[in-house]
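**Q** Supplied in structure tokens, the structure appears directly below.
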Amino acid sequence: MASLTKRRSENVPGNFYVDSSCIDCETCRILAPEVFSEKGGASYVRNQPSNSEESFRALQALVSCPTTSIGTMERDDLTSVKDSFPARIHGNVYHCGYHSKSSFGAFSYLILRPEGNVLVDSPRYVPSLAEKIRSLGGIRYHYLTHRDDVADHEKFHQDFGCERIIHEDDAGAVGNPEITIAGRDPFRFAEDLTVFPTPGHTKGHTVLLYSNSFLFTGDHLAYDPMRKRLIAFRGVCWYSWEEQKISMESLAGLSFEWVLPGHGNPFHGTPEETSQLLRKCIDWM
């Protein structure tokens, strides 16, 4: 739980606060940007919620915070907030919430499909979240973009018997995945699901294209709302920036509307807009 004794001095007075255990993962600033901001390498409350919607989003950030660094002065009933996860993003694609510290607070997603649901990367394994996912049809595939964001994959595998999918070059983080991707060619494991190897951040990093609309990008690609462009993270490129440039180029011919990253902000636009922004990102790189 967040500690009042460690409350950051930057917080404005009021119910919500962030303490000094924050690891600057951006979760709260993405979920409730009207409430949380960054200063000194960590998040803080820059504005207290001004209405019920803002309060609800701030509480979603509290529940999702991987280090439980967000607290409230008042005792809040979190029942409806916890029940809101997985939270619909668009159509049958959901944000799981409950970010994991072992994944540095990465976002994870759930795709609901009649042929079998797909969990993208891993949230914390929380019984209430698992039961909610079970009520939505469970998990057939657990797709993992790369080694950094596998979190509680083993617990989800034990609970749901899902098939874990990861590239062989990052498979050591999983142990014995049921499906491994090899080489640099696209891998289609269902008619509407194609994995594209994108080495760079890690050697075995991949992205997932769902239904020619949603691109789940892990730590490969995200949106910068301040500069209004798609970006790559050179400062945390663990394997090869040169390889990441090449693999970014390999995505240029794809058509998609959504960029849903593990870290960083999501983006939604027309296929033409995303194509133009991706081209600008490649030029910048």
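85 is the number that full-length UniProt numbering gives to position 85 of the sequence shown; each next residue is one higher, with no gaps.
A virtual CB, placed ideally from N, CA and C, is assigned to each residue, including glycine.
May I ask you to report which of helix, strand or coil DSSP gives Lys228?
**A** Coil at Lys228, not helix or strand.
**Q** Taking all protein chains shown into account, decide if Gly264 is buried (16 or more other Cβ within 10 angstroms of its Cβ) or exposed.
**A** buried
**Q** Measure the CB-CB distance between His146 and His99 and report whether it falls below 8 Å.
**A** no
**Q** At what residues does the alpha helix (DSSP H) containing His220 begin and finish?
**A** Taken as a continuous stretch (DSSP letters only), His220 belongs to no alpha helix (DSSP H), as it is neither H nor E.
**Q** Count the other CB atoms, across all protein chains shown, that sit within 10 Å of the CB of Arg164; report buried if there are 16 or more and exposed otherwise.
**A** buried
**Q** For the beta strand (DSSP E) containing His90, list its first residue and its last residue.
**A** Ala87 to His90
**Q** In whole angstroms, give me the CA-to-CA distance for Ala58 and Leu78.
**A** Taking the CA atoms as reference points, Ala58 sits about 11 Å from Leu78.
**Q** Applying the 10 Å Cβ sphere with the 16-neighbour rule, what's the burial state of Tyr73?
**A** The sequence given here places Met at residue 73; Tyr does not occur at that position. The residue is exposed, with fewer than 16 neighbouring Cβ atoms inside 10 Å.
**Q** According to DSSP, is Phe160 helix, strand or coil?
**A** If DSSP states are grouped into helix, strand and coil, Phe160 belongs with the helices.
**Q** Nearest by alpha-carbon distance to Ala222: which of Ile282, Arg188, Ala32 and Val93 is it?
**A** Ile282
**Q** Hey, out of Tyr109, Ala182 and Asn176, whose CA is closest to Ser122's CA?
**A** Tyr109
**Q** DSSP on Trp238, reduced to helix/strand/coil?
**A** coil
**Q** Please state the DSSP three-state secondary structure of Lys82.
**A** helix
**Q** Is there at least one Cβ from chain B nearer than 8 Å to Val150's Cβ?
**A** Annotation note: the requested chain B is absent from the structure, which comprises a single protein chain.
**Q** Could you check what DSSP says for Pro197 in three-state terms: helix, strand or coil?
**A** strand
**Q** So what's Glu34 in DSSP terms, helix, strand or just coil?
**A** Collapsing the DSSP output to three states places Glu34 in coil.
**Q** Within 10 angstroms of the Cβ of Val81, are there 16 or more other Cβ atoms? Answer buried if so, exposed if not.
**A** buried
**Q** Buried or exposed: Leu4, going by 16 or more other Cβ atoms within 10 Å of its Cβ?
**A** exposed
**Q** Leaving out the 5 sequence neighbours to the left and right, which residues in its chain are closer than 6 Å to Leu62 when beta-carbon positions are compared?
**A** Ile70
**Q** Helix or strand or just coil, what does DSSP make of Asp19?
**A** strand
**Q** Helix, strand or coil for His146 per DSSP?
**A** In this structure, His146 counts as coil in the three-state DSSP scheme.
**Q** Between which two residues does the alpha helix (DSSP H) harbouring Ile282 extend?
**A** For Ile282, the enclosing alpha helix (DSSP H) stretches over residues Pro271 to Trp284.
**Q** Whole angstroms is fine: what's the gap from Ile157's alpha carbon to Arg184's?
**A** According to the sequence as given, residue 157 is His; it is not Ile. Rounded to the nearest angstrom, the two C-alpha atoms are 26 Å apart.
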